[in-house]
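Numbering (full-length UniProt numbering), first residue to last: 1 to 107.
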Amino acid sequence: MGKLIYNSSNREIEIEDRTLAHLRVAIINKLRRSESFAMTWDHGIEHGSGRTTLWLHESIPLQFIFSGNRPPKLNRLWIEQMLLSANSTAGLQYVPEPPEDEPFEIE
């Protein structure tokens, strides 16, 4: 289980490594182009339900911490779906991984 840490908050968002790797690519692509956007996630029943929305901006520190040491093969279609979600008025939200298109590696 990896972690996403935004700004100087002591709150760490736990996200499965594979999902976090795909989020990392989508988020970095948006921020690299100086595109700010909202990101919303559900807390889940185990964390008291509810949801949180963050406004992601290139000037605010962001960390991706992975528990595993091997990066997964990335699913291009999943990243594209995340980017489409980030471009919507609702902002970036979790979308289930679609069947793999052609896995690719980003270094």
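Just so you know, even glycine gets a beta-carbon here, dropped at the ideal spot from N, CA and C.
For residue 39, there is no enclosing alpha helix (DSSP H); the enclosing beta strand (DSSP E) has its first and last residue at 37 to 42. Per DSSP, the continuous alpha helix (DSSP H) segment holding residue 27 begins and ends at 17 to 32. Rounded to the nearest angstrom, the gap between the Cα atoms of residue 87 and residue 13 is 22 angstroms.
Contact fails between the stretch 66 to 84 and the stretch 37 to 51, because fewer than three Cβ pairs, one in each stretch, are under 8 angstroms apart.
Secondary structure of residue 46 (DSSP, three-state): helix. Annotation for residue 76: no beta strand (DSSP E) segment contains it, though the alpha helix (DSSP H) segment containing it runs 76 to 86.
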